[in-house]
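Chemist: Here it is: the structure, laid out below.
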Amino acid sequence: NRIIEARGITRIYPGGTVANDGVSLTVNEGEVHAVVGENGAGKSTLMKILFGIEKPDEGTLVVDGQEARFDGPKDAIDRGVGMVFQHFSLVPSFSVYENVVLGSEPAAGVRFDRAAAIKRVRELSEQFRLRVDPEAQTRALPVGQQQRVEILKALYREAKILILDEPTAVLAPQEVEELFTAIRSLVKQGRTVIFIAHKLPEVLAISDRITVMRAGKTVGEVASSEVTEPE
Ligand code: ADP
Ligand code: ADP
Numbered sequence: 002n003r004i005i006e007a008r009g010i011t012r013i014y015p016g017g018t019v020a021n022d023g024v025s026l027t028v029n030e031g032e033v034h035a036v037v038g039e040n041g042a043g044k045s046t047l048m049k050i051l052f053g054i055e056k057p058d059e060g061t062l063v064v065d066g067q068e069a070r071f072d073g074p075k076d077a078i079d080r081g082v083g084m085v086f087q088h089f090s091l092v093p094s095f096s097v098y099e100n101v102v103l104g105s106e107p108a109a110g111v112r113f114d115r116a117a118a119i120k121r122v123r124e125l126s127e128q129f130r131l132r133v134d135p136e137a138q139t140r141a142l143p144v145g146q147q148q149r150v151e152i153l154k155a156l157y158r159e160a161k162i163l164i165l166d167e168p169t170a171v172l173a174p175q176e177v178e179e180l181f182t183a184i185r186s187l188v189k190q191g192r193t194v195i196f197i198a199h200k201l202p203e204v205l206a207i208s209d210r211i212t213v214m215r216a217g218k219t220v221g222e223v224a225s226s227e228v229t230e231p232e
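For the sequence shown, UniProt numbering assigns the number 232 to the last residue and increments by one with no breaks.
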């Protein structure tokens, strides 16, 4: 079951850089899909298009059977797409759960139920093995836990498709292991994970399929099981 089907995506930035040049991407529901390629290959641009924060000049994108409208992240979030950027946008002075619920507050006049929010964040944290104390202060957290807060934020908004932009780049080796544990838990429970990566051993360790980009184009797609790691 194809949950993402992008065809002929072209994105030319003001100034003329052709960041995506007729890109195609197919992602199956419930898989870990790695997008790899050199710096400048167009990976981030493609992910931003999936999340609705960049608009393609050409091409079509179908997410979970529906044609994307490319009118901002709200539309993407409503369709179950969540994104974790390389640079987090957490409020350091907020607690973990406050950061998770930020942006999902109830409508005006509806009381915010603090205890229920903490409980929900704790449940999600346990369900997906994203270990972090909901009541901890965000500013004191190691980077791996800050990343978990970002993932929890997407899950709190009921994301089914999680896009992670180079999630391992900022992590210590132990944190990478813990992230992979969480990713396995996510896909086991029906979520789809798309991540941008650089290191082949990491890609082979966690992904089901790999899309390779080069100079704005998708140049191939392969199952991880078909790749032999170089000596
Ligand atoms: P990657 O994620 O693979 O490193 P990007 O999608 O970030 O690739 O970038 C693809 C190309 O588009 C690069 O040449 C980059 O400099 C350029 N680019 C990315 N974002 C912008 C932007 N906002 N404005 C202009 N050029 C951009
Ligand atoms: P990332 O790989 O996380 O996108 P970058 O350092 O490549 O990180 O880009 C940081 C920001 O700058 C992004 O929002 C990207 O779109 C933008 N950017 C990248 N390249 C260019 C460029 N050549 N001109 C303008 N903006 C760019």
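Note that the Cβ used here is the ideal one computed from N, Cα and C, for glycine as well.
(1) Have a look at K56 and I4 and give me their C-alpha separation to the nearest angstrom.
(2) Which residues are close to ligand 1, meaning CB closer than 5 Å to any heavy atom, in chain order?
(3) Is Y157 closer than 8 Å to V102 when the C-beta atoms are compared?
(4) With contact counted as at least three CB pairs below 8 Å, one residue from each stretch, are the region 158 to 169 and the region 77 to 84 in contact?
(5) Once the 5 residues before and after I119 are set aside, which same chain residues still bring their CB inside 7 Å of it?
(6) Between E127 and P202, what straight-line distance do the alpha-carbon atoms span, to the nearest angstrom?
(7) Alpha carbon to alpha carbon, how far is V150 from P143?
(8) Skipping 5 residues on each side, what residues in its chain have a beta carbon closer than 6 Å to that of R123?
(9) State the start and end residues of the unbroken beta strand (DSSP E) segment that holds D22.
(10) If you run the structure through DSSP and keep just helix, strand and coil, what is L201?
(11) To the nearest whole angstrom, what separates the beta carbons of G60 and D72, a pair I think is in contact under 8 Å?
(12) Residues in the same chain with beta-carbon distance under 7 Å from S226, minus the five sequence neighbours each way, listed in chain order, please.
(13) Does ligand 3 have even one heavy atom less than 7 Å from the beta-carbon of Q138?
(14) Taking the alpha-carbon positions, what's the A198 to P168 distance?
(15) Starting from E222, follow the beta strand (DSSP E) in both directions and report where the run begins and ends.
(16) Just curious, the beta strand (DSSP E) that T212 is in, first and last residue?
(17) Mark G34 as exposed unless 16 or more other C-beta atoms lie within 10 angstroms of its C-beta, in which case mark it buried.
(18) Identify the continuous beta strand (DSSP E) that holds L165 and give its terminal residues.
(19) Identify whether E179 lies in helix, strand or coil by the three-state DSSP scheme.
(20) Give the DSSP-derived three-state secondary structure of I50 in the structure shown.
(21) Determine, using beta-carbon pairs with one atom in the region 174 to 185 and one in the region 16 to 29, whether at least three such pairs fall under 8 Å.
(22) Between V28, G191 and L62, which lies nearest to V12 when the distance is taken from Cα to Cα?
(23) Please report the straight-line C-alpha distance between I10 and K200, rounded to a whole angstrom.
Modeler: This is what the structure gives:
(1) 19 Å
(2) Y14, T18, A20, N40, G41, A42, G43, K44, S45 and T46
(3) yes
(4) yes
(5) Y98, P135 and E136
(6) 28 Å
(7) 11 Å
(8) P135
(9) V19 to N29
(10) helix
(11) Rounded, the Cβ-Cβ distance is 15 Å, inconsistent with contact.
(12) none
(13) No copy of ligand 3 appears in this structure; the ligands present are ligand 1 and ligand 2.
(14) 8 Å
(15) K218 to A224
(16) R210 to R215
(17) Here residue 34 turns out to be His, not Gly, going by the sequence shown. Classification for H34: buried.
(18) I162 to L165
(19) helix
(20) helix
(21) no
(22) Checking the displayed sequence, the identity of residue 12 turns out to be Arg instead of Val. The option with the nearest alpha carbon to R12 is L62.
(23) 25 Å
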